[in-house]
Ligand SMILES: Cc1cc2nc3c(=O)[nH]c(=O)nc-3n(C[C@H](O)[C@H](O)[C@H](O)COP(=O)(O)OP(=O)(O)OC[C@H]3O[C@@H](n4cnc5c(N)ncnc54)[C@H](O)[C@@H]3O)c2cc1C
């Protein structure tokens with residue numbers, strides 16, 4: 006084993022934790038600094054009036070290979086902590102349902118599409134053509150455009166556009182199809198629908214987000230000789246790689262782009278990256294938790310709502326009774342900017358309640374409590390040709406991690422984790438064994 010390095014990781018979200026775990030596992034000395042009181046960043050547990058919730062309902066998919074690998078590294082069992090379900094998009098209110106059967110690719114997709122309910126044969130044939138077109142060019146578009154442009158160009162219309170492509174775009178890129186990058190959307194399709202059958206599975210957390218990775222990751226880092234300081238905001242990175250009086254061999258800056266920008270702007274070497282990040286815009290995500298009497302259950306863990314039409318707002322609703330064992334607690338997810346964000350909490354929850362009743366075709370008791378969490382800068386807006394910085398910066402020894410640095414992907418847990426691993430491996434070069 007070669008000589009080991011001292012590495013400071015700034016930011017204890019999933020990217021920073023992934024970097025720290027990867028470094029600690031390779032025997033490097035890690036010092037992790039997190040501004041908040043707890044680890045996890047944009048994917049963390051919160052407490053609200055005695056209810057254990059998350060800052061936002063998160064969905065993983067089988068293609069999140071590095072996340073699953075790192076969960077195993079720190080001793081978090083994906084089989085126990087995630088509920089694996091075949092991809093199912095079920096919109097009871099619209100009569101649309103697509104479920105991928107447990108068959109090898111591409112039969113799962115072809116049969117799933119052909120058996121989909123609530124769309125025409127013509128829509129299905131065009132959808133299969135669209136996928137074959139993308140596959141034939143290895144999901145590489147000639148030029149980036151918007152997802153709307155891509156769908157128009159490939160005659161994706163009707164229910165499959167409305168209940169498959171557009172919701173997938175909003176869920177994965179957290180950007181509306183009119184604004185979203187077609188190339189990043191194609192990359193997502195490549196790794197999900199275009200991957201193996203297991204890649205297409207939905208993995209829904211069966212526990213709070215802290216238990217999924219941050220808690221065990223922090224234990225792993227400490228057990229491997231690292232240190233973690235929460236409630237410690239780093240205000241400045243010295244060009245000699247000194248932070249708070251200590252000098253490190255490497256620094257990995259694993260904070261969200263708007264925070265990275267401020268730290269990078271003060272150095273000549275990194276000013277251009279700061280300028281690039283200054284051009285980013287952001288999208289919100291809302292999660293409306295509603296506590297119903299415990300006997301209220303959804304017919305399946307995740308249902309689609311027909312938002313966007315006739316003033317309706319709902320997108321997805323999850324049954325946390327089925328998922329995390331809190332009967333009666335439903336979480337409504339509202340991705341990307343939209344009308345939902347203009348409604349005050351009680352009015353928003355009342356609308357979502359009414360839309361769910363309509364979708365299920367039955368009256369529900371009123372929620373006993375609600376809590377709406379609006380993450381204003383949940384993710385960067387994933388626009389066409391958005392410039393993304395490399396992990397290595399021109400300031401010697403300073404590396405970047407964070408969902409925004411993973412150029413192939415939108416902002417997700419997987420891109421955060423991959424970015425952390427890439428920064429750790431890049432920063433410590435051949436010293437990772
Ligand atoms: C509501 C919501 C729902 C989402 N849903 C999904 C989903 O379903 N599936 C999915 O895959 N992804 C989802 N995402 C996206 C995913 O959560 C993020 O992409 C991911 O968590 C980003 O991780 P990160 O480590 O790159 O950044 P962050 O989580 O932002 O971590 C950066 C950390 O750095 C800290 N920090 C900032 N400045 C400093 C400083 N100066 N000094 C020290 N520390 C600092 C911050 O406090 C933070 O903890 C969702 C995000 C949100 C907000």
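Residue numbers (this note's numbering): 6 to 438.
Glycine is no exception: its CB is placed at the ideal position from the N, C-alpha and C atoms.
Please read these numbers as outputs of a predicted model, since none were measured by experiment.
Going by the C-beta, is residue 38 closer than 8 angstroms to any heavy atom of ligand 1?
yes
What residues are listed by DSSP as bridge partners for residue 375?
Beta-bridge analysis with DSSP links residue 375 to 295.
Within 10 Å of its beta-carbon, does residue 164 have 16 or more other beta-carbons around it, so buried, or fewer, so exposed?
buried
Secondary structure at residue 287, three-state DSSP: helix, strand or coil?
strand
Suppose the cutoff is 8 angstroms on Cβ atoms and the five residues either side in sequence are ignored; what does the same chain contact list for residue 78 look like?
26, 30 and 225
Can you give, in chain order, each stretch of the beta strand (DSSP E) that sits fully within the region 316 to 355 and has at least 3 residues?
321 to 324 and 334 to 340
From residue 128 to residue 159, what distance separates their C-alpha atoms?
11 angstroms
Residue 175 versus residue 291: straight-line alpha-carbon distance, rounded:
Whole-angstrom Cα-Cα distance: 13 angstroms.
By the 10 Å Cβ neighbour count, where 16 or more other Cβ atoms means buried, how is residue 479 classified, buried or exposed?
As displayed, the chain neither begins before 6 nor continues past 438, which places residue 479 out of reach and without an answer.
Cut-off 8 angstroms between Cβ atoms - residues of its own chain near residue 433, not counting five sequence neighbours on either side
10, 12, 28, 31, 33 and 255
Applying the 10 Å Cβ sphere with the 16-neighbour rule, what's the burial state of residue 199?
Residue 199 is buried by the Cβ-count criterion.
I need the straight-line Cα distance from residue 59 to residue 217, nearest angstrom please.
11 angstroms
Just to confirm my understanding: we take residue 110, look at its own chain, exclude 5 residues before and 5 after, and list those with CB closer than 6 angstroms. What are they?
201 and 202
Is residue 199 helix, strand or coil by DSSP?
coil
Just to confirm, is the Cβ distance from residue 289 to residue 355 under 9 angstroms?
no
Which residue wins for smallest C-alpha separation from residue 395, given the options 327, 279 and 329?
279
Let's see if you can read the secondary structure: which residues bound the alpha helix (DSSP H) around residue 141?
Taken as a continuous stretch (DSSP letters only), the alpha helix (DSSP H) holding residue 141 covers 126 to 141.
Can you tell me the Cβ-Cβ gap for residue 44 and residue 336, rounded? I've got them flagged as a contact below 8 angstroms.
Wrong, their Cβ atoms sit about 22 angstroms apart, outside the cutoff.
Suppose contacts are defined by Cβ-Cβ distances below 9 angstroms. Is residue 168 in contact with residue 312 by that definition?
no
Other residues of its chain near residue 408: CB distance less than 6 angstroms, five sequence neighbours each side excluded
416, 420 and 421
May I ask whether a heavy atom of ligand 1 can be found less than 8 angstroms away from the beta carbon of residue 93?
no
Where do the ends of the alpha helix (DSSP H) carrying residue 175 lie?
171 to 178
Residue from 317, 424, 123 and 64 whose Cα sits closest to the Cα of residue 348:
317
Is residue 329 a contact residue of ligand 1, with contact defined as CB to any heavy atom under 8 angstroms?
Relative to the non-hydrogen atoms of ligand 1, the Cβ of residue 329 never comes closer than 8 angstroms to any of them.
Could you tell me whether any non-hydrogen atom of ligand 1 is closer than 8 angstroms to the CB of residue 390?
False, no ligand heavy atom lies under 8 angstroms from that Cβ.
Closer than 8 angstroms: residue 320 CB and nearest ligand 1 heavy atom
For ligand 1, not one heavy atom lies less than 8 angstroms from the Cβ of residue 320.
Can residue 47 be considered in contact with ligand 1, in the sense that its beta carbon sits closer than 8 angstroms to one or more heavy atoms?
yes
Taking 9 angstroms as the threshold (C-beta atoms), are residue 392 and residue 446 in contact?
Limits of the chain in this structure are 6 at one end and 438 at the other, which puts residue 446 out of reach.
Could you tell me which of 326, 330 and 341 sits nearest to residue 320, measuring between CA atoms?
Of the listed residues, the one whose Cα sits closest to residue 320 is 341.
Could you have a look at residue 33 and say whether DSSP puts it in helix, strand or coil?
coil
Tell me, which residues are paired with residue 59 by DSSP?
50
CB-CB under 8 angstroms to residue 328, same chain, minus the five flanking residues each way: which ones, in chain order?
88, 209, 210, 211 and 306
For residue 50, which residues of its own chain have a beta-carbon under 7 angstroms away from its beta-carbon, when the five flanking residues on both sides are left out?
57, 59, 213, 214 and 215
Could you give the first and the last residue of the continuous alpha helix (DSSP H) run that contains residue 216?
Residue 216 -> alpha helix (DSSP H) spans 214 to 217.
Closest to residue 332 by C-alpha separation, out of 302, 359 and 353, would be which residue?
Nearest of 302, 359 and 353 to residue 332, Cα basis: 302.
Tell me whether residue 273 is buried or exposed, calling it buried when 16 or more other Cβ atoms sit within 10 Å of its Cβ.
exposed
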